[in-house]
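Enquirer: What follows is a single structure, and I will ask about it in a moment.
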Ligand SMILES: [Zn+2]
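Numbering (the numbering used here), first residue to last: 54 to 514.
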């Protein structure tokens with residue numbers, strides 16, 4: 054057997070798509086694609102040895118990068134009852150002042166943090182398009198390019214999802230002043246996608262489209278945008294916010310007589326290319342139909358908790374064989390393990406049971422959740438990042454077996470459980486790689502300190 058010592062890793066314990074395997078030898082090619090994942094192997098001379106359990110890299114399927122700069126600024130009560138909608142006003146204020154330089158700086162720091170906390174790719178749901186006055190930049194792709202550069206600098210894989218945003222409510226309500234930087238015609242969106250296509254291809258980034266929500270995209274525009282997207286790339290991913298708030302459900306029923314997910318399933322060819330972000334408020338029929346469509350539910354547990362959205366019924370979704378992944382959305386929390394913990398804890402509080410998201414084949418709930426979130430996240434990202442398997446990208450997260458919360462535990466399942474439920478904020482991650490390139494070493498990204506200083510400076514304005 055021939056191999057390059059620089060492109061192999063021997064892991065005594067690795068979490069493969071079917072579960073834990075012993076003595077796994079990983080090999081990848083110069084493009085960072087796994088060419089061999091052999092269990093029960095002997096370490097060849099010179100092979101590097103993992104110092105703890107090896108996990109697949111976690112895709113982050115939902116991000117609005119600029120919102121990271123808002124963390125800490127919205128956790129106080131206002132004059133009226135606080136809700137998603139009062140938070141949104143504060144968020145619009147931050148969006149209205151954002152410069153391309155600040156966006157790039159904030160996104161770089163965010164993507165570095167994502168890597169350090171176990172995410173190896175990100176779906177960027179990008180909706181601030183225009184300048185501070187709401188006019189297109191001389192290069193209409195200015196802010197999208199800032200995000201691509203940030204991902205390139207941090208070394209995170211990216212699926213860029215430019216957002217179509219046209220109206221302020223169901224029934225094509227005119228956009229508000231706070232939405233001026235988001236608004237574009239369907240035509241100008243399709244031109245933007247054409248402009249970005251070669252840039253994304255050159256960087257190895259995936260390009261898709263995100264109709265913001267049924268509130269923000271009237272039916273004709275949705276139809277035209279999806280047809281235009283298919284003409285550009287009929288395999289590209291489609292993400293949409295849907296049924297996040299009960300107020301949104303009520304408004305949709307008042308407008309159309311249907312609930313949002315029901316309306317979407319009846320008026321668009323929802324399938325495996327789709328990611329339904331939140332989908333918190335579905336009835337049984339919507340949940341079963343949406344799961345059967347093959348779409349991924351994009352769950353953002355810490356943001357959904359922070360915004361008071363409600364709790365997604367994950368038991369019903371999984372019983373219907375629904376696929377799902379996790380996103381950090383508003384970035385009130387940037388930590389893949391904490392999202393999984395929040396998801397499971399929400400279900401425990403809802404059902405008054407424990408280990409709700411465990412599976413018959415994976416009794417350890419952290420293991421079951423990790424595998425399902427990686428598979429769903431990969432599908433939503435439309436990239437070959439579905440875990441440690443031949444043909445997938447060599448993305449991994451190595452836990453530190455000497456971390457005080459992991460050391461002495463009897464199995465990699467127990468160590469992963471401690472990582473998810475007990476080690477947050479004192480991360481047990483020691484190494485993270487994307488496409489075979491190590492981005493986080495000894496728990497730290499090489500750009501960490503500089504990127505964080507940049508975030509602080511950008512926040513100060
Ligand atoms: Zn969102």
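Every residue gets a Cβ at the ideal spot worked out from N, C-alpha and C, and that includes glycine.
Assuming residue 447 and residue 499 make a contact with CB atoms under 8 Å, what is their CB distance in whole Å?
Expert: Locating residue 447 in the chain shown gives position 394, where the first residue counts as 1. Locating residue 499 in the chain shown gives position 446, where the first residue counts as 1. Not confirmed; about 19 Å, so no contact.
Enquirer: Tell me which residues pass a beta-carbon proximity test against ligand 1: closer than 6 Å to any heavy atom, given in chain order.
Expert: This selection yields 115, 117, 178, 294, 330, 382.
Enquirer: Quick check on DSSP: helix, strand or coil for residue 209?
Expert: Taking the chain shown and counting its residues from 1, one reaches residue 209 at position 156. Residue 209 falls in the coil class under three-state DSSP.
Enquirer: Can the beta-carbon of residue 433 be found less than 8 Å from the beta-carbon of residue 351?
Expert: On the chain shown, position 380 is the one that residue 433 refers to. On the chain shown, position 298 is the one that residue 351 refers to. Against a cut-off of 8 Å, the Cβ pair of residue 351 and residue 433 comes out as a contact.
Enquirer: Which class does residue 54 belong to by DSSP, given the choice of helix, strand or coil?
Expert: Reading the chain shown from its first residue, position 1 is the one you call residue 54. Residue placement at residue 54 cannot be trusted, given a pLDDT of 47 that sits under 50; what the coordinates show is reported in the next sentence. Three-state result, residue 54: coil.
Enquirer: Report the partner residues of residue 451 according to the DSSP bridge assignment.
Expert: For the purposes of this step, residue 451 is taken as the residue at position 398 of the chain shown. Note: residue 451 sits in a beta bridge opposite 107, 484.
Enquirer: In the DSSP assignment, the alpha helix (DSSP H) including residue 75 goes from what residue to what residue?
Expert: Here residue 75 refers to the residue found at position 22 of the chain shown. Note, residue 75: premise wrong, no alpha helix (DSSP H); beta strand (DSSP E) at 72-81.
Enquirer: With residue 398 as the anchor, note down where its alpha helix (DSSP H) starts and where it stops.
Expert: As a first step, residue 398 must be located in the chain shown, where it is residue number 345. 389-404 is the span of the alpha helix (DSSP H), which, as asked, contains residue 398.
Enquirer: Please return the same chain residues whose Cβ sits closer than 7 Å to the Cβ of residue 473, not counting the five positions on each side in sequence.
Expert: Indexing the chain shown from 1 puts residue 473 at position 420. 390, 393, 394, 419.
Enquirer: Could you give the C-beta distance for residue 293 and residue 263, rounded to a whole number, given that I count them as a contact under 8 Å?
Expert: Stepping through the chain shown from its first residue, residue 293 is reached at position 240. Stepping through the chain shown from its first residue, residue 263 is reached at position 210. With a Cβ gap of about 6 Å, residue 293 and residue 263 count as contacting.
Enquirer: Look at the alpha carbon of residue 145 and the alpha carbon of residue 74, and state the distance between them as a whole number of angstroms.
Expert: Taking the first residue of the chain shown as position 1, residue 145 is located at position 92. Taking the first residue of the chain shown as position 1, residue 74 is located at position 21. Taking the straight line joining both Cα atoms gives about 47 Å.
Enquirer: Considering residue 309, what are the terminal residues of the alpha helix (DSSP H) in which it resides?
Expert: Counting from one through the chain shown, the residue named residue 309 turns up at place 256. From DSSP, the alpha helix (DSSP H) with residue 309 extends over 299-309.
Enquirer: Are the Cβ atoms of residue 122 and residue 511 separated by less than 8 Å?
Expert: By 1-based counting over the chain shown, the position of residue 122 is 69. By 1-based counting over the chain shown, the position of residue 511 is 458. Yes, these two residues count as a Cβ contact at 8 Å.
Enquirer: Would you identify the three-state DSSP class for residue 466, choosing helix, strand or coil?
Expert: As a first step, residue 466 must be located in the chain shown, where it is residue number 413. The answer is helix: DSSP assigns residue 466 an H, G or I state.
Enquirer: Residue 378 and residue 310 look like a contact to me (Cβ under 8 Å); what is the Cβ gap, rounded to whole Å?
Expert: Within the chain shown, residue 378 is the residue found at index 325, counting from 1. Within the chain shown, residue 310 is the residue found at index 257, counting from 1. Between residue 310 and residue 378 the Cβ distance is about 31 Å, and since that is not below 8 Å, they are no contact.
Enquirer: Who are the Cβ neighbours of residue 54 in its own chain at under 6 Å, not counting the five residues just before and after it?
Expert: Working through the chain shown from its first residue, we reach residue 54 at position 1. Caution applies to residue 54, whose pLDDT of 47 falls short of 50 and renders its modelled position unreliable; the value that the coordinates give is listed next. So the list is empty, once near-sequence residues are dropped.
Enquirer: Check whether the stretch 330-338 touches the stretch 205-224, counting contact only when three or more Cβ pairs, one atom from each stretch, lie closer than 8 Å.
Expert: In short, these stretches do not touch, since the Cβ pair count stays below three.
Enquirer: Compute the Euclidean distance between the alpha carbons of residue 141 and residue 77, then round it to the nearest angstrom.
Expert: If you number the chain shown from 1, residue 141 lands on position 88. If you number the chain shown from 1, residue 77 lands on position 24. Residue 141 and residue 77: Cα-Cα distance of roughly 47 Å.
Enquirer: As a quick exercise: from 356, 282, 336, 479, pick the residue whose alpha carbon is nearest that of residue 453.
Expert: The residue you call residue 453 lines up with position 400 of the chain shown. Measuring from the Cα of residue 453, the nearest candidate turns out to be 479.
Enquirer: With distances taken from CA atoms, which of 59, 71, 344 is nearest residue 416?
Expert: Residue 416 sits at position 363 when you count from the first residue of the chain shown. The shortest Cα separation from residue 416 among 59, 71, 344 belongs to 71.
Enquirer: Hey, how far is the Cα of residue 127 from the Cα of residue 281?
Expert: Against the chain shown, residue 127 aligns to sequence position 74. Against the chain shown, residue 281 aligns to sequence position 228. C-alpha separation (whole angstroms): 38 Å.
Enquirer: Whose C-alpha, out of 339, 256, 86, 469, is nearest the C-alpha of residue 373?
Expert: Residue numbering aside, residue 373 sits at position 320 when the chain shown is read from its first letter. When only C-alpha atoms are compared, the closest one is 339.
Enquirer: Quick one: is residue 396 buried, meaning 16 or more other Cβ sit within 10 Å of its Cβ, or exposed?
Expert: Residue 396 sits at position 343 when you count from the first residue of the chain shown. By the neighbour-count rule (16 or more Cβ atoms within 10 Å), residue 396 is buried.
Enquirer: Based on the DSSP secondary-structure assignment, which residues constitute the bridge partners of residue 90?
Expert: As a working note, residue 90 is residue 37 in the chain shown. DSSP, once it has assigned bridges, lists 79 as partnering residue 90.
Enquirer: Can you name, in chain order, every residue of its own chain whose Cβ lies under 7 Å from the Cβ of residue 266, other than the five neighbours on each side?
Expert: Reading the chain shown from its first residue, position 213 is the one you call residue 266. Hits under 7 Å: 293, 294, 295.
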